[in-house]
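Heads up, the thing below is written out as structure tokens.
Protein chains: 2
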Amino acid sequence: MSILIKQVAWNGTTVDVHISGSQIKKIGDCSGQTAEVVLDGRNKALLPTFHNAHTHAAMAYMRSYADDLELFTWLNDHVWPLESKIIEEDVYNGARLACLEMIKSGTTFFNDMYWFWHGTARAVEETGLRAALSAVFIDFDDHAKAKEQVEQNKRLFEERTHYSNRIIFQLGPHAIYTVSEKSLRWCTEFAAEHGLMIHIHLSETGKEVTDCIAKHGLRPAEYLDSIGFLGPNVAAAHCIWLEKSEMELLAKRGAKALHCPSSNMKLASGKFRFTDAVSAGMQVAIGTDGSASNNCLDMGSEIKMAALLEKHFTGNTTALNAQTAWHAGTRACAEFYSLDSGRIAEGALADCMLVDLNNERLVPGHNLVADMVYSADSSCIDTVICDGKILMQNRHVPGEEEIIAKGRAFKEKFRR
Amino acid sequence: MSILIKQVAWNGTTVDVHISGSQIKKIGDCSGQTAEVVLDGRNKALLPTFHNAHTHAAMAYMRSYADDLELFTWLNDHVWPLESKIIEEDVYNGARLACLEMIKSGTTFFNDMYWFWHGTARAVEETGLRAALSAVFIDFDDHAKAKEQVEQNKRLFEERTHYSNRIIFQLGPHAIYTVSEKSLRWCTEFAAEHGLMIHIHLSETGKEVTDCIAKHGLRPAEYLDSIGFLGPNVAAAHCIWLEKSEMELLAKRGAKALHCPSSNMKLASGKFRFTDAVSAGMQVAIGTDGSASNNCLDMGSEIKMAALLEKHFTGNTTALNAQTAWHAGTRACAEFYSLDSGRIAEGALADCMLVDLNNERLVPGHNLVADMVYSADSSCIDTVICDGKILMQNRHVPGEEEIIAKGRAFKEKFRR
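Line order of the protein sequences matches chains G and U.
Taking the numbering used here as reference, the numbering of the first sequence is continuous, increasing by one, and the terminal residue is 416.
Taking the numbering used here as reference, the numbering of the second sequence is continuous, increasing by one, and the terminal residue is 832.
Set out below in structure tokens:
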């Protein structure tokens with residue numbers, strides 16, 4: 001497919017943009033150029049799409065199922081009983097609903113961890129997004145379970161080739177308190193052998209830290225380092241209860257932090273110290289977490305949440321400024337996963353969006369990045385392109401009606 | 417005008433709704449009923465609209481003009497110089513842009529304070545919203561200025577009758593540090609005489625408290641009470657640095673708190689203690705503040721911000737639940753201003769909206785209120801009705817193109 005976007009605002013100027021295959025081929029004057037699809041870029045701006053650094057996409061089926069509850073009640077009486085009932089088809093339909101929501105809100109990449117890996121992979125494949133997918137690896141120190149998980153991940157690693165290169169297979173050891181040391185060591189080895197990323201939850205609650213110290217005499221990041229786990233291929237979600245020394249350790253090893261402010265606030269988990277982490281040398285990307293604890297997958301609202309929470313928390317109005325929030329919601333996670341997306345440049349992947357400069361939330365238009373971070377919502381996003389293909393135009397995603405119908409059926413299936 | 421909404425979801429059931437004049441006349445079976453406009457309510461839900469408890473609407477012209485700056489630099493080098501250049505026509509066009517944004521995001525009432533009262537009043541009148549409008553009353557202890565402000569407010573009080581009853585005139589003494597005691601006393605008297613509300617900023621910064629103690633030997637709420645200012649007609653924005661005793665004092669007098677979480681976070685002003693204020697007996701409504709410090713006027717995102725910030729701040733996942741946030745963003749401020757809006761009932765004002773239950777963010781649909789608070793954005797809102805008139809249908813507001821064009825012109829006028 002080839003796309004020609006004519007007279008679109010980009011980087012303070014007006015340009016034509018030519019997309020062919022999966023790449024942006026030219027930015028500038030394309031007057032002689034033809035393409036299969038020509039988009040009118042007037043009164044629109046071209047921007048990179050959002051990259052959602054941490055989510056459990058399929059949990060869209062659980063949106064607003066249980067809220068405002070004490071953590072243990074929430075998990076024990078609501079989330080886990082519901083999760084025990086799902087089958088791969090539910091994950092597929094939940095993930096499709098999530099993909100639809102992400103497309104509609106300008107996200108083309110997400111970093112995921114969930115059950116029934118193929119369910120999510122099929123959803124990504126069909127909806128046209130890009131994703132790094134991990135199966136939840138939990139063994140609870142049980143040898144048989146560990147063996148089963150290792151076998152499953154080996155199998156999924158082979159089966160990854162059934163999908164296009166928009167899908168990145170990675171390992172997903174859930175957390176230090178749900179995965180044995182032996183399995184964590186296996187993840188490190190298998191990842192090193194095959195050049196894989198590892199997606200893990202780290203230091204999300206105070207209890208995780210206390211328990212880790214009691215069990216290992218070390219704080220979570222120290223423990224992971226002691227078993228050789230930490231490296232540039234580790235993407236760690238939450239990172240709330242890190243000491244400065246742990247941030248420095250993670251930075252030294254090149255491990256990445258995935259910051260989920262809305263989920264952390266909603267679950268009263270605590271606060272990831274963005275400014276301190278960056279000072280310590282950590283790279284940070286922003287994610288929404290799953291719909292059970294957000295309850296949306298909207299990266300636009302998430303980067304605003306991150307910027308405002310950081311200013312509130314530090315008492316410093318200059319902390320986590322719009323440009324930094326924008327980077328953490330777009331380019332940062334692309335870099336983690338070695339993708340040339342999250343930026344608009346010749347040769348980069350054609351993962352981009354057109355925003356409507358006539359949308360009231362982008363008017364008067366003094367500063368587009370500040371508008372995108374602090375004012376825009378999904379209604380500003382007109383067109384979304386991923387891998388050189390148009391996924392949404394005029395805010396319509398082909399096939400969305402069927403995805404919604406399947407999504408609404410969850411209400412009946414999981415009626416209390 | 418009369419409107420018949422057929423087969424709409426409301427309160428867990430499906431009903432017809434008949435609107436005539438400015439009121440909801442019937443909810444139930446309206447099969448024999450005719451109306452000038454018939455709306456298909458299928459796959460839609462009827463909800464009360466948002467009521468924005470504190471804003472400076474016209475400041476939409478300043479959206480994303482200056483962000484992420486130290487407070488004094490922001491005010492001194494950016495906000496105030498720009499404000500010194502505006503004329504009534506700018507306020508009119510800025511407020512129209514704000515009204516458009518509010519309609520698009522489901523708000524039909526806002527509580528305002530700004531310069532050029534008539535500019536905002538004209539915008540409200542024309543766009544069809546409802547608003548309580550105050551002129552900024554500042555005298556800096558200057559006798560001549562105070563006299564001028566008093567005269568202006570007396571004049572505006574008379575001129576309020578030039579507008580429909582959708583516009584409520586109120587007094588707007590800016591804050592205790594910008595208005596003399598004498599003028600504050602005048603506001604109290606004039607308001608009592610004419611049954612007016614008073615809109616003021618209270619305890620927004622730590623400096624306000626320190627200065628008040630130094631000058632009066634009292635904390636801000638105590639000082640206001642000592643001069644007889646506090647009463648059920650006082651709506652106080654921010655209320656961040658209140659001691660428990662001040663909350664109890666405000667509650668005892670019936671004064672209301674207007675909570676603006678996004679602005680407070682963005683300006684690192686501190687945190688209004690919602691739970692404590694409610695425990696102390698205060699009534700609280702949520703507002704966006706102006707576009708200079710938010711940067712949008714979206715009550716949907718504001719109630720989510722309030723709910724999440726409260727859970728984060730208190731460490732309690734059950735704090736400020738969805739139902740409370742929804743009430744604080746809809747009905748609460750209507751009650752403050754003695755409006756029978758912010759609820760759906762026979763006889764109530766027809767200020768309501770239709771949300772699209774097929775929007776991906778409201779699917780599966782386990783809990784509509786939780787979805788509205790935690791997941792929805794403006795794209796879910798299809799139709800907005802205020803005072804029995806349709807202001808938006810299929811997300812289109814008649815005349816919006818001209819408002820946008822005028823709004824975009826601000827970028828040129830205020831180019832740096």
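By construction, the Cβ of each residue, glycine as well, lies at the ideal position given by its N, Cα and C atoms.
Note that the coordinates shown come from a computational prediction; the quantities given were computed from them, not determined experimentally.
Suppose you measure from the CA of residue i to the CA of residue j; what does that come to, to the nearest Å?
{"i": "serine 685(U)", "j": "aspartate 289(G)", "result": "28 Å"}
{"i": "leucine 725(U)", "j": "isoleucine 103(G)", "result": "27 Å"}
{"i": "arginine 160(G)", "j": "aspartate 68(G)", "result": "38 Å"}
{"i": "aspartate 377(G)", "j": "leucine 47(G)", "result": "14 Å"}
{"i": "cysteine 333(G)", "j": "glutamate 400(G)", "result": "27 Å"}
{"i": "aspartate 356(G)", "j": "glutamine 393(G)", "result": "12 Å"}
{"i": "lysine 311(G)", "j": "valine 373(G)", "result": "14 Å"}
{"i": "phenylalanine 50(G)", "j": "glutamate 302(G)", "result": "10 Å"}
{"i": "leucine 736(U)", "j": "threonine 691(U)", "result": "7 Å"}
{"i": "arginine 458(U)", "j": "valine 424(U)", "result": "5 Å"}
{"i": "serine 707(U)", "j": "serine 521(U)", "result": "14 Å"}
{"i": "serine 500(U)", "j": "aspartate 558(U)", "result": "19 Å"}
{"i": "tyrosine 163(G)", "j": "glutamate 125(G)", "result": "7 Å"}
{"i": "alanine 511(U)", "j": "isoleucine 702(U)", "result": "20 Å"}
{"i": "glycine 716(U)", "j": "alanine 786(U)", "result": "11 Å"}
{"i": "aspartate 16(G)", "j": "asparagine 358(G)", "result": "19 Å"}
Starting from the C-beta of residue i, find all residues in its chain whose C-beta is less than 7 Å away, skip the five residues before and the five after it, and write them out in chain order.
{"i": "leucine 349(G)", "result": "Ser22, Gln23, Leu339, Asp340, Ser341 and Asp387"}
{"i": "threonine 188(G)", "result": "Gly228 and Phe229"}
{"i": "aspartate 40(G)", "result": "Lys6"}
{"i": "threonine 383(G)", "result": "Leu39, Met353, Leu354, Ile390, Met392 and Gln393"}
{"i": "leucine 71(G)", "result": "Leu267"}
{"i": "arginine 479(U)", "result": "Ser707 and Asn711"}
Report the neighbours of residue i on chain U: residues whose CB is nearer than 8 Å to its CB, in chain order.
{"i": "threonine 107(G)", "result": "Going along chain U, no residue has its Cβ under 8 Å from threonine 107(G), so there is no contact; the nearest lies around 12 Å."}
{"i": "asparagine 294(G)", "result": "Tyr790 and Ser791"}
{"i": "asparagine 321(G)", "result": "Asp483 and Asp484"}
{"i": "leucine 100(G)", "result": "Glu776"}
For residue i, count the other beta carbons within 10 Å of its own beta carbon; 16 or more makes it buried, fewer makes it exposed. Which is it?
{"i": "alanine 560(U)", "result": "exposed"}
{"i": "proline 636(U)", "result": "buried"}
{"i": "histidine 675(U)", "result": "buried"}
{"i": "glutamate 36(G)", "result": "exposed"}
{"i": "threonine 536(U)", "result": "buried"}
{"i": "proline 364(G)", "result": "buried"}
{"i": "arginine 582(U)", "result": "buried"}
{"i": "isoleucine 503(U)", "result": "exposed"}
{"i": "alanine 238(G)", "result": "First, the amino acid is wrong: residue 238(G) is histidine here, not alanine. Buried: at least 16 other Cβ atoms inside 10 Å."}
{"i": "glutamate 173(G)", "result": "The residue you asked about is not glutamate; residue 173(G) is proline in the sequence shown. With 16 or more Cβ atoms within 10 Å of its Cβ, proline 173(G) is classed as buried."}
{"i": "phenylalanine 437(G)", "result": "As shown, chain G starts at 1 and ends at 416. That puts residue 437(G) outside it, with no answer to give."}
{"i": "lysine 631(U)", "result": "exposed"}
{"i": "phenylalanine 140(G)", "result": "exposed"}
Go through its chain and collect everything with a Cβ distance to residue i's Cβ below 6 Å, but skip five positions before and after it.
{"i": "lysine 266(G)", "result": "Ser293"}
{"i": "glycine 281(G)", "result": "Ala251"}
{"i": "arginine 122(G)", "result": "Tyr92"}
{"i": "glutamate 193(G)", "result": "none"}
{"i": "isoleucine 3(G)", "result": "Ile19, Ala35 and Val37"}
{"i": "proline 648(U)", "result": "Gly670"}
{"i": "proline 677(U)", "result": "Met721, Ala722 and Leu725"}
{"i": "glycine 823(U)", "result": "Leu513"}
Enumerate in chain order the residues of its own chain whose CB-to-CB distance from residue i is below 8 Å, with the five nearest sequence positions on each side excluded.
{"i": "isoleucine 820(U)", "result": "Leu513 and Leu516"}
{"i": "cysteine 628(U)", "result": "Ile592, Tyr593, Leu634, Arg635, Pro636 and Tyr639"}
{"i": "serine 226(G)", "result": "His216 and Leu218"}
Name the chain G residues whose beta carbon is nearer than 7 Å to that of residue i?
{"i": "threonine 734(U)", "result": "Asp68, Leu69 and Glu70"}
{"i": "valine 779(U)", "result": "Leu97, Ile404, Gly407 and Arg408"}
Strictly below 9 Å CB to CB, what residues from chain G border residue i?
{"i": "lysine 827(U)", "result": "Val363, Pro364, Gly365 and His366"}
{"i": "tryptophan 520(U)", "result": "The displayed chain sequence assigns lysine, not tryptophan, to residue 520(U). Residues of chain G passing the Cβ test: Asn359, Glu360, Arg361 and Ser379."}
{"i": "leucine 755(U)", "result": "Chain G residues near leucine 755(U): none, gap ~25 Å exceeds 9 Å."}
{"i": "lysine 727(U)", "result": "Asp68, Met265, Lys266, Leu267 and Ala268"}
{"i": "arginine 689(U)", "result": "Under the 9 Å cutoff, chain G gives no residues; its nearest Cβ is about 13 Å from arginine 689(U)."}
In chain U, which residues lie less than 7 Å from residue i when you measure between Cβ atoms?
{"i": "glycine 315(G)", "result": "Ala684"}
What residues from chain G crowd round residue i, counting only those whose CB sits closer than 8 Å?
{"i": "serine 717(U)", "result": "Ser301, Lys304 and Asp377"}
Q. If you scan the region 646–709 of chain U from start to end, which runs of the beta strand (DSSP E) of 3 or more residues do you find wholly inside it?
A. 650–654, 672–675 and 699–702
Q: Jot down the residue ranges of each uninterrupted alpha helix (DSSP H) in the region 504–535 of chain U, minimum 4 residues, whole runs only, in chain order.
A: 504–520
Q | Sequence ranges, beta strand (DSSP E) only - wholly within the region 433–457 of chain U, length at least 3 | A | 439–444 and 453–456
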